[in-house]
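S.K.:
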Amino acid sequence: MITSTFKQEVAEFIDSKITKVVLNSGAYEITDFIVKSASDGVLSLNYFIPEGAVDTVTRIELKNAAGTVSDNTVNLPIASDTLMIQTIFVKEE
1351 MITSTFKQEV AEFIDSKITK VVLNSGAYEI TDFIVKSASD GVLSLNYFIP
1401 EGAVDTVTRI ELKNAAGTVS DNTVNLPIAS DTLMIQTIFV KEE
């Protein structure tokens, strides 16, 4: 079993690597996070998508200088300013 301490270390490592969010394969980039923290093996990212940045978010990539850390296909219409809350859980399966 993986210890909670190690899960926290992994979450902190991922946190240290993520430098930006890229929407729709580069249509819009976010580098300012409202919240970006790791606690209890959970990485929390809160960021703002302003109205008009994109009509619909179809892809969310979390990136670092070397490339993509996480890539998710979504379908999220942006009709107004939107606060995104993204969570990454470090867990053993």
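Heads up: take any position in the sequence shown, counting from 1, add 1350, and you land on my numbering. For each residue, glycine too, the CB sits at the ideal point set by N, CA and C.
Which one of Thr-1437, Thr-1381, Val-1424 and Gln-1436 has the shortest CA to CA distance from Thr-1406?
M.R.: Within the sequence shown, the letter at position 56 stands for residue 1406. Nearest C-alpha to Thr-1406: Val-1424.
S.K.: Residues in its own chain within less than 6 Å of Lys-1357 by CB, not counting five upstream and five downstream?
M.R.: Reading the sequence shown from its first residue, position 7 is the one you call residue 1357. So the qualifying residues of the chain are Gly-1391 and Val-1440.
S.K.: Rounded to whole angstroms, what is the Cα-Cα separation between Pro-1400 and Ile-1438?
M.R.: Residue 1400 sits at position 50 when you count from the first residue of the sequence shown. Residue 1438 sits at position 88 when you count from the first residue of the sequence shown. Each residue's alpha carbon lies about 23 Å from the other.
S.K.: Which whole-angstrom value describes the C-beta separation of Ala-1403 and Ile-1428, a residue pair presumed to lie in contact below a C-beta threshold of 8 Å?
M.R.: Looking up residue 1403 in the sequence shown gives position 53. Looking up residue 1428 in the sequence shown gives position 78. Going by Cβ atoms, the distance from Ala-1403 to Ile-1428 rounds to 7 Å, so yes, they are a contact pair.
S.K.: Let me know the secondary structure DSSP gives Ser-1389 once reduced to three states.
M.R.: As a first step, residue 1389 is located in the sequence shown; it is residue number 39 there, counting from the start. Under the three-state reduction of DSSP output, Ser-1389 falls in the strand class.
S.K.: Can you tell me which residues form a DSSP beta bridge with Lys-1370?
M.R.: For this step, residue 1370 is matched to residue 20 along the sequence shown. Under the DSSP definition of a beta bridge, Lys-1370 partners with Lys-1413.
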